[in-house]
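Scroll down for the structure; my scribbles are underneath it.
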Amino acid sequence: MSPRPGPSAVVAGIGSYVPPNVVTNDDLADRMDTSDEWIRSRTGIAGRHVISPGTATSDLAVEAGWRAIKSADDDRVDAVVLATTTPDQLCPATGPQIAARLGLGHVPAFDVSAVCSGFLYGLATASGLIAAGVAGRVLLLGADAFTTIINPTDRSTAVIFADGAGAVVLRAGEPDEPGAIGPQILGSDGELSGLIEVPAGGSRQRSSGVPAAPGEEYFRMAGRDIYRHAVGRMVASSEDAVRARGWRMEDVDRFGAHQANARILTAVSERLGLPEERCLSNIERVGNTGAASIPLLLSEAAAGGSLLPGHRLLLTAFGGGLSWGATTLVWPEVRSV
Ligand code: UT7
């Protein structure tokens, strides 16, 4: 006899935050050899929010976190999971500081590192905590201060990545109720880890005793290769998630993909046969915000009325690792704060 599955994770609240400082394409073109025309046509990005000096990922996450808790109309939280690539420090994890600053006491709190797929990996982690009975309510945050690891002179990454945070409160519930997270598809390919990396600063470079070569502390991406893998993996995992849910692709009312690049999003939605009006997008205003991308997108779409209760929603992400994933849910009655 197979064991009875534990409770499902159900979205009970959502919130987001972007720092006030906006950097336009023209601002970047003043600093490096690029143009508004190139950035818009190659990425779909017109502007992005960037933190001020002295601000860190936890500052963004705390703002998004209290909004999600307020949205949930119930301030009980039993665990905190932070998905991020830019923790405040290498050690310790940033999650416990967020829990403390939100006044959540001594709840379990930790970080999940899966780059731009971080929110979906965090969703699986939080669902596991709920199914195992470790927590009845989990605050899951996706937050990144990506501009802190971007080489300000690297035009191939500086025009894309930005800062922001989004958060959801997940509660224990039934698998067939609105907001319940459906089957979760996750995957990785570590043989291709070098396509997205920060070469220095970790144990390998530090153990050598040799100082990092100039520029090695910054994020690097093989854009063309990543583009190709991103499209293939997001399409395949989306198809798997929809099939596992028992839906057909035409049942999907809204598509919430990691906002990597507008051209990638168009290629993925075309291959899935999803019309443009079903595809949520905010990349033009916020850029690629890493682990924050999906919860920030959902929060803004719910607040703006393009994501409504009852919509059948498909989520997918792809990022460094390489890592990817997809899942489904029916959007519940929650107000975005
Ligand atoms: O979120 C995690 C996953 N990340 C992604 O999904 C990002 C995936 N990749 C991409 O979005 C795209 O590959 C980029 C936007 C990064 C680059 O676009 P691309 O169309 O693949 O351009 P490219 O890298 O092939 O470069 C084309 C040309 C090059 O010049 P040459 O060699 O053809 O003379 C680049 O040097 O564009 C040049 N270039 C730029 N020109 C003006 C690269 N960046 C810039 C720039 N402004 N910012």
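According to the working numbering, the sequence shown is numbered sequentially starting from 9. Cβ atoms here follow ideal geometry from the backbone N, Cα and C, with glycine treated the same way.
Considering just the uninterrupted stretch of the beta strand (DSSP E) at residue i, what are its terminal residues?
{"i": "S301", "result": "Per DSSP, S301 belongs to no beta strand (DSSP E); it is in the alpha helix (DSSP H), S301 to G312."}
{"i": "Y25", "result": "S16 to Y25"}
{"i": "V30", "result": "V30 to T32"}
{"i": "G281", "result": "G281 -> no beta strand (DSSP E), and no H or E assigned at all."}
How many Å lie between residue i and residue j at the Cα?
{"i": "C287", "j": "P219", "result": "45 Å"}
{"i": "L112", "j": "A91", "result": "18 Å"}
{"i": "D152", "j": "D44", "result": "24 Å"}
{"i": "E224", "j": "G198", "result": "20 Å"}
{"i": "D248", "j": "L194", "result": "10 Å"}
{"i": "D171", "j": "H266", "result": "14 Å"}
{"i": "P95", "j": "Y25", "result": "17 Å"}
{"i": "G141", "j": "A325", "result": "27 Å"}
{"i": "A108", "j": "H114", "result": "8 Å"}
{"i": "P317", "j": "G210", "result": "43 Å"}
{"i": "A180", "j": "G144", "result": "5 Å"}
{"i": "T51", "j": "G329", "result": "22 Å"}
{"i": "V58", "j": "T155", "result": "7 Å"}
{"i": "P100", "j": "G62", "result": "18 Å"}
{"i": "A122", "j": "A268", "result": "14 Å"}
{"i": "G202", "j": "A230", "result": "8 Å"}
{"i": "A64", "j": "I106", "result": "11 Å"}
{"i": "L147", "j": "W332", "result": "22 Å"}
{"i": "E182", "j": "R271", "result": "37 Å"}
{"i": "G312", "j": "G73", "result": "19 Å"}
{"i": "R48", "j": "G55", "result": "9 Å"}
{"i": "L304", "j": "T32", "result": "19 Å"}
{"i": "S245", "j": "A173", "result": "24 Å"}
{"i": "I204", "j": "V276", "result": "20 Å"}
{"i": "G136", "j": "D83", "result": "21 Å"}
{"i": "R344", "j": "T297", "result": "Here residue 344 is Ser; the residue named in the question, Arg, does not match the sequence. Rounded to whole angstroms, S344 to T297 spans 19 Å at the Cα level."}
{"i": "I234", "j": "V243", "result": "14 Å"}
{"i": "R262", "j": "L321", "result": "5 Å"}
{"i": "V89", "j": "L306", "result": "18 Å"}
{"i": "Q192", "j": "A76", "result": "22 Å"}
Apply the 10 Å Cβ neighbour rule to residue i and answer buried if 16 or more other Cβ atoms are within range, or exposed otherwise.
{"i": "S16", "result": "buried"}
{"i": "D35", "result": "exposed"}
{"i": "Q97", "result": "exposed"}
{"i": "M40", "result": "exposed"}
{"i": "D119", "result": "buried"}
{"i": "D67", "result": "buried"}
{"i": "G327", "result": "buried"}
{"i": "T161", "result": "exposed"}
{"i": "P104", "result": "buried"}
{"i": "N29", "result": "exposed"}
{"i": "E308", "result": "buried"}
{"i": "A221", "result": "exposed"}
{"i": "R228", "result": "buried"}
{"i": "S216", "result": "exposed"}
{"i": "S60", "result": "exposed"}
{"i": "R232", "result": "exposed"}
{"i": "G254", "result": "exposed"}
{"i": "G281", "result": "exposed"}
{"i": "R212", "result": "exposed"}
{"i": "P340", "result": "buried"}
{"i": "R241", "result": "buried"}
{"i": "P27", "result": "buried"}
Have a look at the DSSP bridge pairing and note the partners of residue i.
{"i": "V338", "result": "R320"}
{"i": "I204", "result": "M229"}
{"i": "I193", "result": "A334"}
{"i": "S79", "result": "BP columns for S79 are empty, so no partner."}
{"i": "V120", "result": "A91"}
{"i": "F263", "result": "C287 and L322"}
{"i": "R145", "result": "R179"}
{"i": "G172", "result": "D152"}
{"i": "R56", "result": "V31"}
{"i": "S344", "result": "I22"}
{"i": "A270", "result": "BP columns for A270 are empty, so no partner."}
{"i": "A188", "result": "V18"}
{"i": "G210", "result": "DSSP, once it has assigned bridges, lists no residue as partnering G210."}
Let's see if you can read the secondary structure: which residues bound the alpha helix (DSSP H) around residue i?
{"i": "L137", "result": "G126 to A139"}
{"i": "V294", "result": "I291 to V294"}
{"i": "T51", "result": "D44 to T51"}
{"i": "P100", "result": "Looking at the DSSP string, P100 is not in any alpha helix (DSSP H), and its letter there is neither H nor E."}
{"i": "R163", "result": "R163 to A166"}
Ligand 3 and residue i: does any heavy atom of the ligand fall closer than 6 Å to the residue's C-beta?
{"i": "G181", "result": "As presented, the structure is devoid of ligand 3, carrying ligand 1 as its sole ligands."}
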